[in-house]
Amino acid sequence: MRIVRSPAAMQRLALDWKRSGRRVGFVPTMGYLHDGHLSLVRHARGRVGDGGVVVVSIYVNPTQFAPTEDLSRYPRDWARDTRLCREEGVDVVFAPTDASMYAGRDAGRYSTHVVEEQLSRGMEGASRPTHFRGVTTVVAKLFNLVLPDLAVFGAKDWQQAAVIRRMATDLNFPVKVVVAPTRREPDGLAMSSRNAYLSPSERAQAVVLSRVLAQARAAVRSARRPLGAAVLRARLASLVSKQPDARVDYIEFFDPETLAPTARVGRGAHLALAVFVGKTRLIDNGRL
Ligand code: PAF
């Protein structure tokens, strides 16, 4: 497994692969890898086949964190991440530095961003106004450096995947955006690097996110007609409020393709939620 630090070296390698006709599968991550990430790697490997190459980027992208957010605290474990990638048969880990990705940013000499203006507005975009601009900017840069044929994202970040797919379409990136299912702990909690922040008591309470999903699904499936979003939201929020350290940020019902909010919630609608458990903000989503 090769470790590449420099963006220019990454792009040179990717151009060589292109010239020799090798398919490139790409899994962008911020590291602190868990089984959810590794399942994305397996997806990429399955799709590029034996002659293809799989690249994992490990980069905690500063531009997608607001000044009030957890950038400096974000969990990192380089030794473990590279061991897991090696064991999983990853070909290249691309781990650039901030200075190489955003040269001159501190001195005001970095000024180009990629902004998606529709799908990124609600939910995560409403709660974290600068977040998606950082995500689309860094993913566009990574696509230009890794030149992937396909890139795999986790369904846990449903809105992120939709925003990136739209960006790739709108800006004509020749990459197929693939979304792989959310991996869960045995009690239902969606795997996330941020779960590492939870104290044992918070960890126990965090299972409420997947319970909300299960309860919403049961309610929708047992109803004879679509349910009113406001009433269902209030019922689900009261489930969250039973946990002493949990606080709802949002609970939204929407069309899974267009992300347009729906006022009547029936089968096939999508639910996404963000909940603070203590200081940790967790998200989850699923089809109802
Ligand atoms: O989902 C993530 O880990 C990040 O948002 C991504 C896509 C790697 C961009 O930094």
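To get my numbering, take the position in the sequence shown, counting from 1, and add 7.
Where is the CB? At the ideal position from N, CA and C, for every residue including glycine.
These figures come from a predicted structure and were not determined experimentally.
Using a Cβ-Cβ distance cut-off of 8 Å, the region 134-144 and the region 10-23 are not in contact, since fewer than three pairs of beta carbons, one from each stretch, lie closer than that value.
Around the CB of G43, 16 or more other CB atoms lie within 10 Å, so the residue is classed as buried. For G161, the shortest C-beta to heavy atom distance toward ligand 1 is below 8 Å. The C-alpha of V67 lies about 7 Å from the C-alpha of G38. Counting only runs of at least 3 residues, the region 91-141 fully encloses the following beta strand (DSSP E) elements, listed from N- to C-terminal order: 99-101.
In the three-state DSSP reduction, A276 falls in the coil class, being neither helix nor strand. Under the 10 Å beta carbon count, W165 is surrounded by 16 or more other beta carbons and is classified as buried.
Ranked by how close their Cα comes to the Cα of V122, the residues G115, D113, V146, R29 have V146 in first place.
For V284 against L157, the beta-carbon gap comes to about 34 Å, at or over 8 Å, which does not count as contact. Counting the other CB atoms within 10 Å of its CB gives G132 a total of 16 or more, which places it among the buried residues. Checking the 8 Å criterion, the Cβ of Q166 is out of range of every heavy atom belonging to ligand 1. The count of Cβ pairs closer than 8 Å, one atom from the region 190-198 and one from the region 72-84, stays below three, leaving the stretches out of contact. V284 is bridged by DSSP to A253, T287. Short of 7 Å from the beta carbon of V182, and not among the five residues preceding or following it, lie these beta carbons of its own chain, in chain order: F150, P155, D156, L157, A158, A175. Per the coordinates, the alpha-carbon of L45 lies some 37 Å from the alpha-carbon of P233.
When only Cα atoms are considered, W85 and G56 end up about 27 Å apart.
Distance from the CA atom of P268 to the CA atom of R9, rounded to whole angstroms, is 44 Å.
DSSP places S64 in the strand class (E or B) of the three-state scheme.
Along the region 205-259, the alpha helix (DSSP H) occurs as fully enclosed runs of 4 or more residues at 207-212, 215-229, 236-248, listed in sequence order. Restricted to the region 9-44, the alpha helix (DSSP H) segments that are unbroken, complete and at least 4 residues in length are 14-26, listed in chain order.
The three-state secondary structure of R190, taken from DSSP, is coil.
Looking at V238, V153, L289, the one whose alpha-carbon comes closest to that of F33 is V153.
Membership of V182 in any alpha helix (DSSP H) is not indicated, and neither H nor E is assigned to it by DSSP. Across the set S107, V185, V219, T70, the C-alpha of S107 shows the shortest separation from the C-alpha of A16.
Judged by DSSP secondary structure, L157 falls within the beta strand (DSSP E) whose first and last residues are 157-161. Three or more Cβ pairs drawn from the region 269-282 and the region 254-261 lie within less than 8 Å of each other, which places the two stretches in contact.
Remark: the shortest separation between the CB of T287 and any heavy atom of ligand 1 does not fall under 8 Å. Around the Cβ of V184, a 10 Å sphere holds 16 or more other Cβ atoms; the residue is buried. In summary, N202 is buried, with 16 or more beta-carbon neighbours lying within 10 Å of its beta-carbon over all protein chains present.
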